[in-house]
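Undergrad:
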Amino acid sequence: MSTSISPLTDNVEAKGLKAGSLGLVSSIVVGVASTAPAYSLAASLGFIVASGGALLAGVHSVGIVLLAFVPMYLIAVAYQELNKAEADCGTTFTWATRAFGPLTGWMGGWGIIVADVIVMANLAQIAGSYSFTFLGELGVPGVAHLSSDVLWSTVAGLGWIAVMTFICYRGIELSARIQQVLLSIEVLVLILFSVFALVRVYTGTGESYSIKPSLAWFNPFALDFGSAIAPAILVAVFIYWGWDSAVSVNEETEDPSKTPGRAAVISTFLLLATYALVTMAAVAFAGVGTRGIGLGNPDNADDVFSAIGPALFGNSVIGHIGMLLLSASILTSASASTQTTILPTARTALSMAVYKAIPERFARIHPRFLTPTWSTVAMGLVSAVFYLVFTMISANLLSALIGSIGLMIAFYYGLTGFACFWYYRRTVTSSPRNFIMRGIFPLAGGLMLTAAFVYGLIQFSAPDWLQDSNGRDVTIFGIGAEAVVGVGALVIGFVLLLVWRRMRPDYFRGLTLPKRSAE
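Counting from 1, position 84 in the sequence shown corresponds to residue 84 in this note's numbering; the numbering is continuous, with no gaps.
#1: Considering Cα atoms alone, identify which of T92, A121, L22 and A76 is closest to M392.
#2: Go ahead and pull the three-state DSSP assignment for T203.
#3: Using only alpha-carbon positions, find the residue among A85, P432, V119 and G109 that is nearest to A36.
#4: Just the C-alpha distance for G128 and S147, rounded to the nearest angstrom, thanks.
#5: Under the three-state reduction of DSSP, which class applies to S4: helix, strand or coil?
#6: Please specify which runs of the beta strand (DSSP E), each continuous and at least 3 residues long, are wholly inside the segment 16-93, giving them in chain order.
#7: Going by DSSP, which residues form a beta bridge with T253?
#8: Rounded C-beta distance between F193 and L326? I'm assuming under 8 Å.
#9: If you scan the segment 269-353 from start to end, which runs of the alpha helix (DSSP H) of 4 or more residues do you find wholly inside it?
#10: Tell me whether T429 is buried or exposed, calling it buried when 16 or more other Cβ atoms sit within 10 Å of its Cβ.
#11: Could you work out which residue in L151, F93 and G417 is closest to S394 when comparing CA atoms only?
#12: Just mark M503 as buried or exposed, buried being the case when its beta carbon has 16 or more other beta carbons within 10 Å.
#13: Which value, in whole angstroms, describes the spacing of the CA atoms of V12 and V249?
#14: In the DSSP output, which residue or residues are listed as bridge partners for I479?
#15: Which term fits A286, buried or exposed, when burial requires 16 or more other beta carbons within 10 angstroms of its beta carbon?
#16: So G90 and G109 are supposed to be a Cβ contact under 8 Å. How far apart are they, rounded?
#17: Taking only the alpha-carbon atoms, compute the straight-line gap between W217 and I229 and give it to the nearest angstrom.
#18: Excluding five sequence neighbours on each side, which residues of the same chain lie with their C-beta closer than 6 Å to the C-beta of A489?
#19: Using DSSP's beta-bridge definition, name the partner residues of I527.
#20: Distance, Cα to Cα, S517 vs Y423?
#21: Going by DSSP, which residues form a beta bridge with A263?
#22: So, are the CB atoms of L182 and T332 less than 8 Å apart?
#23: Roughly how many angstroms lie between the CA atoms of L343 and G414, to the nearest whole one?
#24: Is it a yes or a no for the segment 13-26 touching the segment 186-201, going by three-plus beta-carbon pairs under 8 Å?
#25: Determine the burial state of G139: buried for a count of at least 16 other Cβ atoms within 10 Å of its Cβ, exposed for fewer.
#26: Assess contact between the segment 61-80 and the segment 306-313, defined as three or more Cβ pairs (one per stretch) separated by less than 8 Å. Is contact present?
#27: Among the candidates F494, I178, R177 and R170, whose CA atom is the shortest distance from the CA of R368?
#28: Rounding to the nearest angstrom, what Cα-Cα distance links G159 and F305 in this structure?
#29: Using the C-alpha atoms, what's the distance from N434 back to L190?
#30: Short of 6 Å in beta carbon distance, which residues of its chain neighbour Q180, apart from the five on each side in sequence? Order them along the chain.
#31: Output the boundary residues of the alpha helix (DSSP H) element that contains T427.
#32: Can you tell me whether DSSP reads A14 as helix, strand or coil?
#33: Identify whether T9 lies in helix, strand or coil by the three-state DSSP scheme.
#34: So, at 7 Å on beta carbons, what are the nonlocal neighbours of F48 in its own chain, with the 5 sequence-adjacent residues on each side left out?
#35: Between which residues of its own chain and G20 is the CB-CB distance below 8 Å, once the five residues before and five after are set aside?
#36: My guess is that E81 and M437 are in contact by the Cβ rule of under 8 Å, so how many angstroms apart are they, rounded?
Printed below as a string of structure tokens:
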């Protein structure tokens, strides 16, 4: 079934999605769950603290988490303001096209798609590995060791991609209900983890390397910007990334011009509170050393909670329950985010197809479930292939994806900030409120992320920037793998843009989605 174009609001065309399915709470759940708090911290906190065993942010990681919130909030405001003007599920693709034209808009849409495809490899790896860890904690014999087996964890990861693709295909309401359950488990366990760690530190029952938190931890400016703050911010931005999913489902929410934007802003504040607490607790208990469970140990970088958990909870019955809950939280986090990563990507592709920026078959909607068909299935298949290819080349390359995703996030989030400023440029001085919310905030967010992108790219390009657990440089063609994957993804997108422009030029001529600004 192809989409039938009918008015959604005064300035958006309906694409056949199920309108009014989500309220404010459900939208917030989608936004927060998409960031996968437990998984994001497990996969990136070690890289914020150190790189290749050399300290990066160290104890100032808490400050980096706070600093990374600033551009996230500013860009969330940009999303909110642009969504008021045009509640289109294409988000950055649609808004950047309106503001700057089809070439920039197409690359913005590509940035969303490629970032989501890349992160699915990490999500699938974590979900697959923790499936066996969780079963082992439950007492199922002979499965715990499979968590470190590349073959079996890959098979399980592919299974999670298939299951979550089916759920997204089945309907937005089912997806939202499942997210509420998974997110509740995840957040509760993170709070318990943090409280337990801080109690042990303050009661003197922590480890020899535990450190009592200090106000100095909250100051990131004690670090060098180019060599520490910028690359650490790119990794920290990754842990916040995902709240924009609340806006991607705007055509399926109640009051689509207001509810999604509010949900996005609220999501960023909830994430700030969660991340600041967990980061402080993890740094305090584990320390930032390069040995043992220290967060600076490169062996722990891929999953800091696996290193901290046994030391934190011990071998008692309570310790077993603690590890079971921690495993459950990371498993639910990764699996939930697998689902909510498919949602926005499928809707971005749907919008691009409606406006003829990609093949129109991706605009097809299921007649009963009212979900994108081709776009959802394609997202699942492409993600599975990408995951397989990277795993077959080298499992070490998966660790390079965090930084490259940070580059993609900085690219399309920053572009959204600039698009908001430019779209409203003629009316931004109409009131003090508009000057700040549609001018200063979006522009500042865009500039901050652009600076982080440039400085981070320089650092990521260094051959010795990222090293595996054996001390070997993780490179592609002698260049840092994070930089190659990030820039390479953008280059591939630009090539595809040129090919499609030659085949179907209507979108690129401004015939299907014309450029305009607020009047």
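C-beta: ideal position from N, C-alpha, C; glycine also. Keep in mind the model is a prediction, meaning the values are calculated, not measured.
TA: Short version:
#1: A121
#2: coil
#3: V119
#4: 7 Å
#5: With a pLDDT of only 40 at S4, under 50, the local geometry of the prediction cannot be trusted, and the value read off the model is given with reservation. Reduced to three states, the DSSP call for S4 is coil.
#6: none
#7: L22
#8: Here F193 really is in contact with L326; their C-beta atoms are around 6 Å apart, less than 8 Å.
#9: The qualifying runs are 304-313.
#10: exposed
#11: L151
#12: M503 counts as exposed, since fewer than 16 other beta carbons sit within 10 angstroms of its beta carbon.
#13: Residue placement at V12 is flagged as unreliable, the pLDDT there being 48, under the threshold of 50; a coordinate-derived value is accordingly withheld.
#14: Residue pairing by DSSP places I479 opposite I476 in a beta bridge.
#15: buried
#16: Yes, they are in contact, since the Cβ atoms of G90 and G109 sit about 6 Å apart, within 8 Å.
#17: 14 Å
#18: V114
#19: Lying before the first or after the last residue shown, residue 527 is absent from the chain, which here runs from 1 to 519.
#20: 5 Å
#21: According to DSSP, A263 bridges with nothing at all.
#22: yes
#23: 21 Å
#24: Contact between the segment 13-26 and the segment 186-201 is absent, because fewer than three Cβ pairs lie under 8 Å.
#25: exposed
#26: no
#27: R170
#28: 23 Å
#29: 37 Å
#30: V29
#31: Looking at the DSSP string, T427 is not in any alpha helix (DSSP H), and its letter there is neither H nor E.
#32: strand
#33: Legend: pLDDT at T9 = 44, less than 50; position of this residue unreliable, value from coordinates given subsequently. Of the three classes helix, strand and coil, the one that applies to T9 here is coil, per DSSP.
#34: The displayed chain sequence assigns Ile, not Phe, to residue 48. The answer, listed in chain order, is L56, A57, S61, I64, A232, V235 and A236.
#35: E252, T253 and E254
#36: 6 Å
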